[in-house]
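**Q** Dropping a structure here in structure tokens format, bear with me for questions.
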Amino acid sequence: MFSSFAHLLRLGASGCQGSSRSIATIVSGIKTSKLVRTRLKEEVETMSREFTGFRPGLTVVQVGNRDDSNLYISTKLQAAAQIGIVAKHVRLSPTATQDEVLQCVMSVNDDTSVHGLIVQLPLDHVTHIDTQLVTNAVSPLKDVDGLTCINAGKLSRGDLSDCFIPCTPNGCMELIRQTGVSVAGKHAVVIGRSKIVGAPMHDLLLWSDATVTSCHSKTTDLPEQVSRADILVVGAGRAEMVRGEWLKDGAVVIDCGINYIPDGTKASGQRVVGDVHFASANQRAGFITPVPGGVGPMTVAMLMENTVWSAQRFLQHLK
Ligand code: GUN
């Protein structure tokens with residue numbers, strides 16, 4: 001889809017001129033996610049024909065009422081509806097106790113019409129709730145976020161065909177594939193080690209045969225580590241932290257950040273930026289994902305893919 005050959009030609013041309021700089025190829029998550037969603041819609045139609053009226057089911061459990069979570073959930077519900085997945089949103093009060101949240105998760109685990117269950121994070125709660133306990137209560141067979149210890153453990157050991165892969169890293173891998181740059185043998189650097197992005201991203205790159213360096217808040221020489229990356233994935237949660245000057249020429253740069261910064265020119269008074277300073281990185285990278293329109297739409301598409309895969313596995317066991 002993206003022409004890495006054309007990119008090499010452009011790099012060559014700018015190299016000859018000496019002073020002019022190339023501009024990175026933009027890796028669009030909007031385009032790629034649309035392709036994935038179209039394919040999934042067809043797969044759901046096939047399932048419904050073969051098992052009359054069958055549709056995959058997805059439930060999103062939310063504790064509280066955070067604005068960002070409300071927005072993410074409504075995007076997920078819309079995507080599901082468009083593909084033919086039956087999506088339910090269960091919202092619990094911010095005063096819900098840990099036991100009530102666990103009860104809710106258990107009851108969705110027992111509902112055979114639901115093939116995918118996620119607990120939207122972060123939890124917005126007033127009483128103490130152990131997030132890890134709650135995410136681990138999700139049945140590993142319905143854990144389409146890939147956050148249970150069972151699925152994370154399988155991923156860390158390289159059992160990729162037998163586990164749910166967390167949606168954001170899975171989407172990043174799909175975007176890297178779109179560049180045409182092969183991962184095997186490359187030096188990949190991941191910034192961030194969260195359970196939802198950085199840690200599984202490290203595992204995916206490792207089992208795709210990259211040599212992987214994980215950087216985090218205690219890494220002392222971040223610019224130096226970044227300068228070695230053929231492939232850089234950033235999930236740090238800090239606006240425009242990675243500067244273009246740090247990058248290796250031609251690197252593949254995947255930006256998982258979603259940060260709001262003040263912008264007086266916008267009616268809302270703010271705009272969304274990634275963890276990478278786009279304008280400077282665009283001058284050095286070979287490929288770069290935009291924010292918005294890069295990793296975000298892929299996260300949603302991969303959630304749909306995991307849900308359809310889970311439903312297909314459920315149907316296999318009925319045969
Ligand atoms: N909050 C932000 N991203 C995600 C995600 O991918 N899954 C869940 N459960 N919560 C999130």
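Using our numbering, the first residue of the sequence shown is number 1, and each one after it goes up by one. Ideal placement from N, C-alpha and C gives every residue a C-beta, glycine not left out. Every value quoted in this text rests on a predicted model; they were computed, and no experiment measured them.
The beta strand (DSSP E) with residue 234 in it runs from where to where?
**A** Element bounds for residue 234: 231–234.
**Q** With distance defined between alpha-carbon atoms, name the residue in 119, 67 and 35 nearest to residue 89.
**A** 119
**Q** Of all the options 23, 82, 216 and 193, which has the alpha carbon lying nearest to the alpha carbon of residue 43?
**A** 82
**Q** Out of 187, 170 and 219, state which residue places its alpha-carbon closest to the alpha-carbon of residue 204.
**A** 170
**Q** Assuming residue 200 contacts residue 231 (C-beta within less than 8 Å), just tell me the rounded distance between them.
**A** Going by Cβ atoms, the distance from residue 200 to residue 231 rounds to 15 Å, so no, they are not a contact pair.
**Q** Decide if the region 279–296 is in contact with the region 22–34; the criterion is three or more beta carbon pairs, one per stretch, under 8 Å apart.
**A** yes
**Q** Check the C-beta distance from residue 117 over to residue 86 and give it rounded, since I have them as a contact under 8 Å.
**A** Not really, about 13 Å apart at Cβ, beyond 8 Å.
**Q** What I want to know is whether the C-beta of residue 120 ends up closer than 6 Å to one or more non-hydrogen atoms of the ligand GUN.
**A** yes
**Q** Skipping 5 residues on each side, what residues in its chain have a beta carbon closer than 6 Å to that of residue 243?
**A** Only residues of its own chain outside the window of five on either side were considered, and among them 277 and 280 have a CB closer than 6 Å to the CB of residue 243, listed in chain order.
**Q** Assuming residue 136 and residue 148 make a contact with CB atoms under 8 Å, what is their CB distance in whole Å?
**A** 5 Å
**Q** Give the DSSP-derived three-state secondary structure of residue 267 in the structure shown.
**A** coil
**Q** Would you call residue 56 buried or exposed, if buried means 16 or more other Cβ atoms sit within 10 Å of its Cβ?
**A** buried
**Q** Mind checking if residue 58 is an interface residue toward chain D, Cβ cutoff 7 Å exclusive?
**A** The chain inventory of the structure shown lacks chain D, comprising one protein chain alone.
**Q** State the start and end residues of the unbroken beta strand (DSSP E) segment that holds residue 208.
**A** Here residue 208 belongs to no beta strand (DSSP E), and DSSP marks it neither H nor E.
**Q** Following a CB-centred definition, is residue 104 positioned closer than 6 Å to any heavy atom of the ligand ATP?
**A** This structure lacks the ligand ATP; the ligands present are the ligand GUN.
**Q** Rounded to the nearest angstrom, what separates residue 12 and residue 248 at their Cα positions?
**A** Only weak support exists for where residue 12 lies, its pLDDT of 33 falling under 50; the value from the coordinates is given anyway. Rounded to whole angstroms, residue 12 to residue 248 spans 16 Å at the Cα level.
**Q** Which whole-angstrom value describes the C-beta separation of residue 197 and residue 206, a residue pair presumed to lie in contact below a C-beta threshold of 8 Å?
**A** Contact flag wrong, Cβ pair sits at about 15 Å.
**Q** Residue range of the beta strand (DSSP E) that residue 176 falls in?
**A** Here residue 176 belongs to no beta strand (DSSP E); instead the alpha helix (DSSP H) covers 167–179.
**Q** Can you tell me whether residue 99 is helix, strand or coil according to DSSP?
**A** The answer is helix: DSSP assigns residue 99 an H, G or I state.
**Q** What number of angstroms, rounded off, separates the C-alpha of residue 306 from the C-alpha of residue 312?
**A** 10 Å
**Q** Could you give the distance in angstroms between the alpha-carbon of residue 220 and the alpha-carbon of residue 239?
**A** 19 Å
**Q** State yes or no: is the C-beta of residue 229 within less than 7 Å of the C-beta of residue 189?
**A** yes
**Q** What does a CB cutoff of less than 6 Å around residue 314 pick up in its chain, not counting 5 residues either side in sequence?
**A** Taking C-beta separations shorter than 6 Å and ignoring five residues to either side along the sequence, the partners of residue 314 in its chain run 115, following chain order.
**Q** Helix, strand or coil for residue 19? Go by DSSP, reduced to three states.
**A** In this predicted model, residue 19 has a pLDDT of only 40, less than 50, meaning its place in the structure is not dependable; the value taken from the coordinates is given anyway. Looking at residue 19 - three-state DSSP - the assignment turns out to be coil, as it is neither helix nor strand.
**Q** So, helix, strand or coil for residue 62, using DSSP?
**A** strand
**Q** Helix, strand or coil for residue 317? Go by DSSP, reduced to three states.
**A** helix
**Q** So what does residue 25 bridge to, in DSSP terms?
**A** 287
**Q** Taking 6 Å as the cut-off, is the beta-carbon of residue 145 closer than that to any non-hydrogen atom of the ligand GUN?
**A** Answer for residue 145: yes, Cβ within range of the ligand GUN.
**Q** Following a CB-centred definition, is residue 163 positioned closer than 6 Å to any heavy atom of the ligand GUN?
**A** Placement of the Cβ of residue 163 at a distance of 6 Å or more from every heavy atom of the ligand GUN is found.
**Q** To which residues does DSSP link residue 255 through a beta bridge?
**A** Beta-bridge pairing by DSSP links residue 255 to 234.
**Q** Report yes if the C-beta of residue 215 is less than 6 Å from at least one heavy atom of the ligand GUN; otherwise report no.
**A** no
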